[in-house]
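Heads up: the sequence shown runs through residues 12 to 321, numbered per the working numbering.
Report on one structure; see the data block that follows.
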Amino acid sequence: MHFSFHDLENPYEVREDFPRPNWDAAAAWVDTHMADDYLDEAWTAIATAWLDLVRESLPQHYAVMSSENFLMLSGYEPRQVKQLLRTCEHCRSRILKLLPGVANESGFGPHVVLSFDEVELYYAYISDFYPEEGHFGESAGMFIDRGYHHIAMNHTYDWYLSRVIAHETCHMLLSHLPLPMWLDEGVTQVIEDQVLEGSGFLMNGEILQKHRAYWNRETIQQFWSGDSFSAADEGQELSYSLAQVIVRNLVSDFPDKLSAIVGNAHYQDAGNAAFESAIEETLGDQVELFLGEGDWQPRGDFLEPVTHPA
């Protein structure tokens with residue numbers, strides 16, 4: 012079927028030189044024109060039209076290619092794009108098997124990846140998904156859960172793209188769950204390693220001392236709420252590290268409980284009830300295994316719904 016954003020009223024806005032589709036208008040068009048049996052076909056046509064629209068704002072060498080489950084807009088040579096698409100398919104398949112009944116492909120249409128080979132274009136594109144005049148650090152990729160969910164990647168890290176794909180695809184396949192940020196990031200890092208059958212995780216005495224010096228009664232609550240993951244100090248790096256430690260310990264001690272915890276965790280209590288139900292231990296107990304005795308348990312006064320980056 013054919014679809015054009017130009018057929019919609021107020022089809023898109025241009026911000027940072029990129030067309031930003033009116034997804035509400037696109038969804039309304041689908042509701043009006045398409046029967047349920049054709050929803051996947053309709054959203055595939057919409058995704059294709061969207062990438063064609065974005066391609067018009069990029070240098071001429073950018074092109075759209077597809078695989079069974081993915082559409083990718085990239086400036087790479089076709090041979091390289093085919094390899095990236097094979098990696099996407101492999102990561103998707105492995106994650107669905109590693110987290111059965113939890114990782115999910117809800118929705119319609121293909122998974123979409125935008126792969127930029129100019130760093131300025133990458134940051135211009137993702138800037139629309141941060142607060143106005145906000146600041147954000149360097150990144151190799153990002154899962155974007157606004158509008159049509161998709162992944163944006165930065166070719167500056169071309170040696171790292173397999174990990175970016177595994178990491179962001181895991182975020183994408185868990186995005187339907189109300190996960191606390193620490194668990195989302197911890198699970199994604201651990202699953203990324205399992206998908207790629209290798210790990211860069213490092214823990215030694217020096218890093219452990221940094222953790223024990225940084226975390227206290229107040230900072231641990233920022234970890235549970237997700238605030239520490241955007242900290243301007245070393246708290247950001249230590250937050251990702253602590254999240255991975257907790258999930259790694261969980262997988263080591265309770266290898267058959269990960270899916271149950273991920274499937275039942277909720278950001279409102281930082282996932283504590285899911286841990287208690289599955290393994291009869293609290294999050295405070297889990298942190299104590301690593302940091303020693305302390306007031307580590309999530310407190311309700313710190314836990315507010317947070318919108319966190321992928």
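A virtual CB, placed ideally from N, CA and C, is assigned to each residue, including glycine.
Model, not experiment: these values are computed from the prediction.
Which class does E240 belong to by DSSP, given the choice of helix, strand or coil?
Per the sequence shown, residue 240 should be read as Phe rather than Glu. F240 falls in the helix class under three-state DSSP.
Specify whether the region 199-216 and the region 169-181 touch according to this definition: at least 3 beta carbon pairs, one from each stretch, less than 8 Å apart.
yes
On the CB-based measure, 16 or more other CB atoms within 10 Å of its CB, does I231 come out buried or exposed?
buried
CB of F286 within 9 Å of CB of Q255, strictly:
no
Residues that DSSP places opposite A74 in a beta bridge
S85
Given M183, which residues of its chain have a CB within under 7 Å of its CB, disregarding the five upstream and five downstream residues?
H122, F154, H160, I162
Taking the C-alpha atoms as reference points, what is the distance between V25 and C181?
30 Å
Residue(s) in a DSSP beta bridge with Y9
Outside the modelled stretch of the chain, which goes from 12 to 321, sits residue 9, for which no answer is possible.
Go ahead and pull the three-state DSSP assignment for R66.
helix
Shortest alpha-carbon distance to G120 belongs to which of T167, V41, P30, L19?
V41
Using alpha carbons as the reference points, say which of H17, Y87, F234, F16 lies closest to Y278.
F234
Three-state secondary structure (DSSP) at A321?
Its pLDDT being 39, under 50, A321 is placed unreliably by the model, and nothing is read from it.
What is the residue span of the beta strand (DSSP E) that R157 lies within?
Where R157 is concerned, there is no enclosing beta strand (DSSP E), given that its DSSP letter is neither H nor E.
What would DSSP say about S138, mapped onto helix, strand or coil?
helix
Closer than 8 Å is the cut-off here; do at least three beta carbon pairs connect the region 41-57 with the region 87-107?
no
Do S270 and L110 have their CB atoms nearer than 9 Å?
yes
DSSP state of E52 mapped onto helix, strand, coil:
helix
How many Å lie between N215 and D156 at the Cα?
35 Å
Need the endpoints of the alpha helix (DSSP H) that L19 sits in, please.
Segment: none, L19 is in no alpha helix (DSSP H) and carries neither H nor E.
Cβ-based neighbour list, E30, same chain, cut-off 7 Å, excluding 5 preceding and 5 following
Note on identity: in this sequence residue 30 is Pro, with Glu being the wrong assignment. Y23, L64, V65, S68, listed in sequence order.
What would DSSP say about S126, mapped onto helix, strand or coil?
strand
Would the region 42-51 count as touching the region 83-94 if we require 3 or more Cβ pairs under 8 Å?
no
Residues near H13 in its chain [Cβ-Cβ closer than 7 Å; skip 5 each side]:
A56
Taking the C-alpha atoms as reference points, what is the distance between S117 and E27?
30 Å
Taking only three categories from DSSP, how would you classify M192?
helix
Bridge partners for M322 per DSSP, in chain order?
The structure shown does not extend to residue 322, since the chain is modelled only from 12 to 321, so the question has no answer here.
Between the C-alpha atoms of G303 and H222, what's the straight-line distance to the nearest angstrom?
11 Å
Close Cβ partners of F301 (< 6 Å) along its chain, the five nearest in sequence each way excluded
V256
Is DSSP giving V113 helix, strand or coil here?
coil
Determine the extent of the alpha helix (DSSP H) in which H174 is found, giving its start and end residues.
Note on residue identity: the sequence assigns Arg, not His, to residue 174. Unbroken alpha helix (DSSP H) run through R174: 172-185.
Closer than 8 Å by C-beta to P70: which residues in its own chain qualify, once you throw out the five before and the five after it? Chain order, please.
G86, E129
Residue of E196, A114, S77, R105 minimising C-alpha distance to L125:
S77
Count the other C-beta atoms from every protein chain shown that fall within 10 angstroms of the C-beta of P32, then say buried if there are 16 or more, exposed otherwise.
buried
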